Amino acid sequence: QQHRRAFMIMSGRLHARGTERVHKNVWLEFARLAADYKAVNLGQGFPDFSPPEFVQDAFCKAVSGGHQMHQYTRPFGHPPLVHILAKFFGRIVGREIDPLEDVLVTVGAYQALFCAFQALIEEGDEVIIVEPFFDCYQPMVKKAGGKPVYVPLRPVSGDGSAVPSSGDWVLSPEELASKFTPRTKAVVINTPNNPLGKVYKTEELQVIADLCIKHDVLCISDEVYEWLTYDGNKHVKIAGLPGMWERTVTIGSAGKTFSATGWKVGWAIGSEQIIQRLKAMHQMSVFDCATAAQEAVARGFEREYELFGTPESYFQQLPAMLHQKREKLASCLGGAGLQPVMPEGGYFMIADTSSVTVDFSDFMSTDDEPHDFRFVKWLIKEKGLATIPVSAFYSPEHRKDFDKYIRFCFIKEDSTLDAADDILRTFSQRQ
Ligand code: PMP
Ligand code: GLN
Numbered sequence: 181q182q183h184r185r186a187f188m189i190m191s192g193r194l195h196a197r198g199t200e201r202v203h204k205n206v207w208l209e210f211a212r213l214a215a216d217y218k219a220v221n222l223g224q225g226f227p228d229f230s231p232p233e234f235v236q237d238a239f240c241k242a243v244s245g246g247h248q249m250h251q252y253t254r255p256f257g258h259p260p261l262v263h264i265l266a267k268f269f270g271r272i273v274g275r276e277i278d279p280l281e282d283v284l285v286t287v288g289a290y291q292a293l294f295c296a297f298q299a300l301i302e303e304g305d306e307v308i309i310v311e312p313f314f315d316c317y318q319p320m321v322k323k324a325g326g327k328p329v330y331v332p333l334r335p336v337s338g339d340g341s342a343v344p345s346s347g348d349w350v351l352s353p354e355e356l357a358s359k360f361t362p363r364t365k366a367v368v369i370n371t372p373n374n375p376l377g378k379v380y381k382t383e384e385l386q387v388i389a390d391l392c393i394k395h396d397v398l399c400i401s402d403e404v405y406e407w408l409t410y411d412g413n414k415h416v417k418i419a420g421l422p423g424m425w426e427r428t429v430t431i432g433s434a435g436k437t438f439s440a441t442g443w444k445v446g447w448a449i450g451s452e453q454i455i456q457r458l459k460a461m462h463q464m465s466v467f468d469c470a471t472a473a474q475e476a477v478a479r480g481f482e483r484e485y486e487l488f489g490t491p492e493s494y495f496q497q498l499p500a501m502l503h504q505k506r507e508k509l510a511s512c513l514g515g516a517g518l519q520p521v522m523p524e525g526g527y528f529m530i531a532d533t534s535s536v537t538v539d540f541s542d543f544m545s546t547d548d549e550p551h552d553f554r555f556v557k558w559l560i561k562e563k564g565l566a567t568i569p570v571s572a573f574y575s576p577e578h579r580k581d582f583d584k585y586i587r588f589c590f591i592k593e594d595s596t597l598d599a600a601d602d603i604l605r606t607f608s609q610r611q
């Protein structure tokens, strides 16, 4: 009783913007459902196989490499890691990157995003977010006091003969331009995009860059899937376009780079003026990241620097392997009547559920729940296959327009994809 009363008195004091809806997170909800129903899991994005041996060995070596590997390292990034990141990315964007000033190591790309929004966005600032977007951008912008302004990629309809591709989803330059106001502080892009797999072409990035320069706006570019592109599509860094280095934060992830999402090593790269502000947020939140994991990632990048562009490079081998898995999944989905949108990059594929009719009537679900959320719940509970509803990657105002797609993750063992195929085959025998 006393506890309850104390809580009632306190609860008014507990209010703080953006902290009340933690249970509403799509990853928590669907990871739990997938586990409860022991579903074949093509939901949350992570490999169900080990990272390559060279980084596993590097991690083991780090752990048995003496006392220093078990103690704090340089707060803004372990020296070998910031040096090789600066060297690697400097070579790609064709400029000198200062390892100590222009690079910040974070707890995964997730913390780099958090630092970027907290450091750069102020009360009342508008932030243009391209939809579909990785779901955390919206609450992070809001928590920083910013106002998200959404602009969707829209599928341009072809003549129906070609296989739909993520490349068909484009930004309207006019619609994008119309979103800029004097309050616009930043634009957020994600290439290759999660969940769609779109890899922005140079011309598309140039449109965004021109607007950023014209309106003196920052660009936060989430490039965690940068090494994963298919069919000759090339990942282009917007920071490398003229006039963009000074105003862009580029965010990356060792989790995606080396198939080790549990290591939670990420980074932000940009001009000293921007990165020092992110460093302030980092200092206030985590101060220092795990030493041994950074050491292993540094060794991985050093190896890749030497092998870059050769067939032995993991940055060649991983996309080659994923290309096959992409084909496999696309053919399973096609066979089940779930028309896939072929991703040009990343490790997700979205598919259209429209032609699969499901009777949800005796199925627990609220009426206002988007179609894809119901579909995914049905798929997990009735069919034992876990995926993610795509409308979770949209703003409330556009969610209804994009609720027929669900997302499949294909960075999975072939046996997992086969198990999914077995389930999907039952679809062709109709519900
Ligand atoms: N951005 C995107 C687009 C992602 O898909 C992810 C994956 N969770 C992240 C950022 C966060 O990456 P990390 O696991 O390195 O924190
Ligand atoms: N990036 C991964 C995905 O999109 C993981 C997301 C998460 O765990 N927050 O599935």
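Everything in the sequence shown is counted per the working numbering, starting at 181 for the first residue and increasing by one.
Note that CB positions come from ideal geometry on N, CA and C, so glycine has one too.
Keep in mind that this is a model prediction, so the values were computed, not measured.
Next item on the list: Quick one: residues in its chain with C-beta nearer than 6 Å to the C-beta of Ile591, no 5 flanking neighbours on either side, listed in chain order?
Entry: If you number the sequence shown from 1, residue 591 lands on position 411. Only Pro227 and Tyr527 meet the Cβ criterion.
Checklist line | Pair within 8 Å by beta-carbon distance, Leu385 and Leu421 | finding: Here the question's residue 385 lines up with position 205 in the sequence shown. Here the question's residue 421 lines up with position 241 in the sequence shown. Yes.
Next item on the list: Go through its chain and collect everything with a Cβ distance to Ile309's Cβ below 6 Å, but skip five positions before and after it.
Entry: Your numbering for residue 309 matches position 129 in the sequence shown. Tyr317, Pro328, Tyr330 and Val368.
Note to self: Could you check whether the Cβ of Gly446 sits closer than 7 Å to any heavy atom belonging to the ligand GLN?
What the structure shows: In the sequence shown, residue 446 corresponds to position 266, counting from 1. Answer for Gly446: no, Cβ out of range of the ligand GLN.
Checklist line | Around the ligand GLN, Cβ to any heavy atom closer than 6 Å, ordered along the chain | finding: Trp207, Gln224, Gly225 and Asn374
Note to self: Can you confirm whether the stretch 255 to 266 touches the stretch 393 to 410 when touching is taken to mean that 3 or more C-beta pairs between the two stretches lie within less than 8 Å?
What the structure shows: no
Notebook entry, point to check: Would you say the stretch 490 to 506 touches the stretch 466 to 473, given that touching needs at least three Cβ pairs under 8 Å?
Noted result: no
Check: Pick from His551, Ala434, Glu507 and Val521: whose alpha carbon is nearest that of Phe495?
Finding: Position 315 of the sequence shown, counted from the first residue, corresponds to residue 495. Ranking the options by Cα distance to Phe495, first place goes to Ala434.
Next item on the list: Kindly give me the distance between the Cβ atoms of Ile400 and Val379, rounded to whole angstroms, as I take these residues to be in contact under 8 Å.
Entry: In the sequence shown, residue 400 corresponds to position 220, counting from 1. In the sequence shown, residue 379 corresponds to position 199, counting from 1. 18 Å between Cβ atoms; not a contact.
Next item on the list: State the Cα-Cα distance for the pair Gly223 and Ala215, rounded to the nearest angstrom.
Entry: The count along the sequence shown starts at 1 and reaches residue 223 at position 43. The count along the sequence shown starts at 1 and reaches residue 215 at position 35. C-alpha separation (whole angstroms): 11 Å.
Notebook entry, point to check: Could you give the residue range of the beta strand (DSSP E) that holds Glu306?
Noted result: For the purposes of this step, residue 306 is taken as residue 126 along the sequence shown, with counting starting at 1. Taken as a continuous stretch (DSSP letters only), the beta strand (DSSP E) holding Glu306 covers Glu306 to Glu311.
Margin query: For Asn413 and Val283, what's the separation of their Cα atoms in angstroms?
Written below: As a position in the sequence shown, residue 413 is number 233, starting the count at 1. As a position in the sequence shown, residue 283 is number 103, starting the count at 1. Those two C-alpha atoms are separated by around 27 Å.
Notebook entry, point to check: Which of helix, strand or coil does DSSP assign to Val397?
Noted result: Locating residue 397 in the sequence shown gives position 217, counting from the first residue. Coil, per DSSP.
Next item on the list: Output the residue ranges of the alpha helix (DSSP H) runs that lie fully inside the stretch 459 to 509 and measure 4 residues or longer, sorted by chain position.
Entry: 471 to 487
Note to self: If you reduce the DSSP assignment to three classes, tell me which class Met320 lands in.
What the structure shows: Within the sequence shown, the letter at position 140 stands for residue 320. Reduced to three states, the DSSP call for Met320 is helix.
Notebook entry, point to check: Expressed to the nearest angstrom, what Euclidean distance is found between the alpha-carbon atoms of Tyr217 and Gly564?
Noted result: Position 37 of the sequence shown holds residue 217. Position 384 of the sequence shown holds residue 564. If you take the alpha carbons of Tyr217 and Gly564, they lie about 7 Å apart.
Notebook entry, point to check: Is the stretch 533 to 540 in contact with the stretch 551 to 566, if contact means three or more CB pairs nearer than 8 Å?
Noted result: yes
Notebook entry, point to check: DSSP puts Asp532 in a beta bridge; with which residues?
Noted result: Along the sequence shown, read from residue 1 onward, the residue named residue 532 stands at position 352. Answer is Gln519 and Tyr585.
Next item on the list: Since I believe Ser345 is in contact with Met522 (beta carbons under 8 Å), could you give me their beta-carbon distance rounded to a whole number of angstroms?
Entry: Counting from one through the sequence shown, the residue named residue 522 turns up at place 342. Counting from one through the sequence shown, the residue named residue 345 turns up at place 165. Sure, about 5 Å apart at Cβ, within 8 Å.
Checklist line | Inter-residue CB distance, Ala476 and Val235 (contact presumed, cutoff 8 Å) | finding: Numbered from its first residue, the sequence shown carries residue 476 at position 296. Numbered from its first residue, the sequence shown carries residue 235 at position 55. 5 Å between Cβ atoms; contact.
Margin query: Tell me the residue span of the alpha helix (DSSP H) that contains Tyr290.
Written below: Residue 290 sits at position 110 when you count from the first residue of the sequence shown. That run of the alpha helix (DSSP H) goes Gly288 to Leu300.
Check: Does the separation of the CB atoms of Ala299 and Ala196 fall below 8 Å?
Finding: In the sequence shown, residue 299 corresponds to position 119, counting from 1. In the sequence shown, residue 196 corresponds to position 16, counting from 1. No, they are not a contact pair.
Margin query: Just to confirm before moving on: does the CB-CB distance between Ile301 and Gly270 stay below 8 Å?
Written below: Position 121 of the sequence shown, counted from the first residue, corresponds to residue 301. Position 90 of the sequence shown, counted from the first residue, corresponds to residue 270. No; because the gap between Cβ atoms is not below 8 Å, this pair is not in contact.
Next item on the list: For the stretch 353 to 409, list the beta strand (DSSP E) runs that are entirely contained and at least 3 residues long, ordered along the chain.
Entry: 364 to 370 and 398 to 402
Margin query: Just verifying my parser: in three-state terms, what is the DSSP assignment at Ala419?
Written below: Here residue 419 refers to the residue found at position 239 of the sequence shown. Helix at Ala419.
Note to self: Rounding to the nearest angstrom, what Cα-Cα distance links Ala238 and His263 in this structure?
What the structure shows: The residue given as residue 238 occupies position 58 in the sequence shown. The residue given as residue 263 occupies position 83 in the sequence shown. Whole-angstrom Cα-Cα distance: 17 Å.
Notebook entry, point to check: Out of Thr596, Leu356, Leu351 and Gly442, which has the shortest C-alpha to C-alpha gap to His395?
Noted result: Within the sequence shown, the letter at position 215 stands for residue 395. The shortest Cα separation from His395 among Thr596, Leu356, Leu351 and Gly442 belongs to Leu356.
Item checked: Spatially closest choice to Gly432 from Val445, Gly423 and Glu426, by CA coordinates -> Position 252 of the sequence shown holds residue 432. Gly432 has its Cα closest to that of Val445, out of Val445, Gly423 and Glu426.
Next item on the list: Report yes if the CB atom of Ala292 is closer than 8 Å to the CB atom of Pro279, and no otherwise.
Entry: The residue labelled residue 292 in the question sits at position 112 within the sequence shown. The residue labelled residue 279 in the question sits at position 99 within the sequence shown. No, they are not a contact pair.
Note to self: Below 8 Å on the Cβ atoms is my contact criterion, and I expect Tyr585 with Ala531 to pass it. Report the Cβ-Cβ distance as a whole number of Å.
What the structure shows: On the sequence shown, residue 585 is found 405 positions in, with the first residue counted as 1. On the sequence shown, residue 531 is found 351 positions in, with the first residue counted as 1. That pair is a contact at about 7 Å.
Next item on the list: Flag this pair as yes or no: are the beta carbons of Pro332 and Phe573 separated by less than 8 Å?
Entry: Start at 1 with the first residue of the sequence shown, and residue 332 comes out as number 152. Start at 1 with the first residue of the sequence shown, and residue 573 comes out as number 393. Not closer than 8 Å, so no.
Item checked: beta-carbon Ala289 near the ligand PMP non-hydrogen atom, thresh 7 Å -> Here residue 289 corresponds to residue number 109 of the sequence shown, with the count starting at 1. Yes, Cβ of Ala289 sits closer than 7 Å to a heavy atom of the ligand PMP.
Next item on the list: For my contact list, Leu376 and Leu509 are in at a C-beta cut-off of 8 Å; report their separation, rounded to the angstrom.
Entry: The residue labelled residue 376 in the question sits at position 196 within the sequence shown. The residue labelled residue 509 in the question sits at position 329 within the sequence shown. About 15 Å; that fails the 8 Å criterion.
Item checked: Gly514 - DSSP class collapsed to helix/strand/coil -> In the sequence shown, residue 514 corresponds to position 334, counting from 1. In this structure, Gly514 counts as helix in the three-state DSSP scheme.
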